[in-house]
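Chemist:
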């Protein structure tokens, strides 16, 4: 009887897999790519530095150790504090000094809140992706994708609201369209295959499509404001172009798996694509002007 209990204690239940034959860790150790469960094998070029098989308490404790997720965790955590600080500064200084309306406070709050949610969801995923329960890992992965969708929504809300500030009809059309796309992404996550490796390319296509859709209202905004030669277009268009160039560059890093493809021995995983790659939307550069 004692031997059976001892043997069962040496196994960890992992989601759809009945058991993983590994010892329950008393501390935190790092694993190689060959030693981790299949659910964690996302990038073969990252050969070492993996956390795995950890209970929740040790997942949280691993926040303070050096692993191949350290950059991911801390970059998003610091990003959260950055947007939180910007939110306080905007609400207490920037908006009041610009005599902002109640609508401006609401839109700015929604935008920065969406970014904060996105950052926290990513922190949670990268922190608990090493959990011993595969079901728990997949829940955090789903939450991470949901957070990215919320972050994209925050970009669109501010950008569309101020780009079409003087055109209520098109503002409503684009906001409703964006909201419908984000809801469609949420519903897509319900599909049982959404988080599988087989659907990885489809997930990338979905998020690229939702992000790339912003080109349509941008071109429409340029046309409504008199074309490329208009002063307001010349002021804001370069910022939009830079934003999309940064996003494109980040996506290329993500799909090409650079730099880890050329430096696999480093064991350092750098986030290739996250919502921060989309940059600051033009709606954040607020101009309070009266509509004609």
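In the UniProt record's numbering, the protein residues as written are 1 to 292. For every residue, glycine included, the Cβ atom is placed at its ideal position computed from N, Cα and C. Being a predicted model, the structure only gives us computed values, none of them experimental.
Under a three-way DSSP split, which group does residue 50 fall into?
Modeler: strand
Chemist: For my contact list, residue 72 and residue 126 are in at a C-beta cut-off of 8 Å; report their separation, rounded to the angstrom.
Modeler: 4 Å
Chemist: Using CA coordinates, which residue listed in 245, 133, 109, 103 is at the minimum distance from residue 39?
Modeler: 133
Chemist: Ignoring anything shorter than 3 residues or poking outside the stretch 148–188, list the beta strand (DSSP E) runs there in chain order.
Modeler: none
Chemist: Going by the beta-carbon positions, is the gap between residue 31 and residue 50 smaller than 7 Å?
Modeler: yes
Chemist: Considering only the alpha carbon of each residue, which of 61, 123, 87 lies closest to residue 109?
Modeler: 87
Chemist: Using a threshold of 7 Å, state whether the C-beta atoms of residue 83 and residue 120 are closer than that.
Modeler: no
Chemist: When the distance is taken between beta carbons, is residue 123 closer than 7 Å to residue 77?
Modeler: yes
Chemist: For residue 56, I'd like the list of residues in its chain whose CB is within less than 6 Å of its CB, leaving aside the five on either flank, ordered along the chain.
Modeler: none
Chemist: Ignoring anything shorter than 4 residues, give me the alpha helix (DSSP H) runs that lie fully in the stretch 44–119, in order along the chain.
Modeler: 56–61, 70–89
Chemist: Measuring straight from C-alpha to C-alpha, what distance separates residue 240 and residue 28?
Modeler: Whole-angstrom Cα-Cα distance: 44 Å.
Chemist: How is residue 262 classed by DSSP in three states: helix, strand or coil?
Modeler: coil
Chemist: CB residue 161 to CB residue 107, shorter than 7 Å?
Modeler: yes
Chemist: Measure the C-alpha to C-alpha separation of residue 275 and residue 153 and round it to an integer number of angstroms.
Modeler: Confidence in residue 275 is poor, its pLDDT being 38 and thus under 50, which makes the residue's placement too unreliable to answer from.
Chemist: Within the same chain, show all residues whose beta-carbon is closer than 8 Å to that of residue 36, passing over the 5 residues directly before and after it, in chain order.
Modeler: Contacts found: 50, 52.
Chemist: Mapping DSSP to helix, strand and coil, what is residue 220?
Modeler: helix
Chemist: Hey, how far is the Cα of residue 222 from the Cα of residue 174?
Modeler: 15 Å
Chemist: Would you decide whether residue 103 is buried or exposed? Buried here means 16 or more other CB atoms lie within 10 Å of its CB.
Modeler: exposed
Chemist: Going by CA-CA distance only, name the one from 137, 180, 208 that's closest to residue 251.
Modeler: 208
Chemist: Could you name the residues of the same chain whose beta carbon sits closer than 6 Å to that of residue 264, not counting the 5 residues immediately before and after it, in chain order?
Modeler: 45, 47
Chemist: Relative to the ligand NAP, is the shortest distance from any of its heavy atoms to the C-beta of residue 129 smaller than 6 Å?
Modeler: Ligands in the displayed structure: none, and consequently the ligand NAP is not present.
Chemist: Please classify residue 128 as buried or exposed, where buried requires at least 16 neighbouring CB atoms within 10 angstroms.
Modeler: buried
Chemist: Exposed or buried, residue 74, counting other C-beta atoms within 10 Å across all chains shown (16 or more means buried)?
Modeler: exposed
Chemist: Rounded to the nearest angstrom, what separates residue 224 and residue 198 at their Cα positions?
Modeler: 42 Å
Chemist: Classify residue 213 as helix, strand or coil using the three-state DSSP reduction.
Modeler: coil
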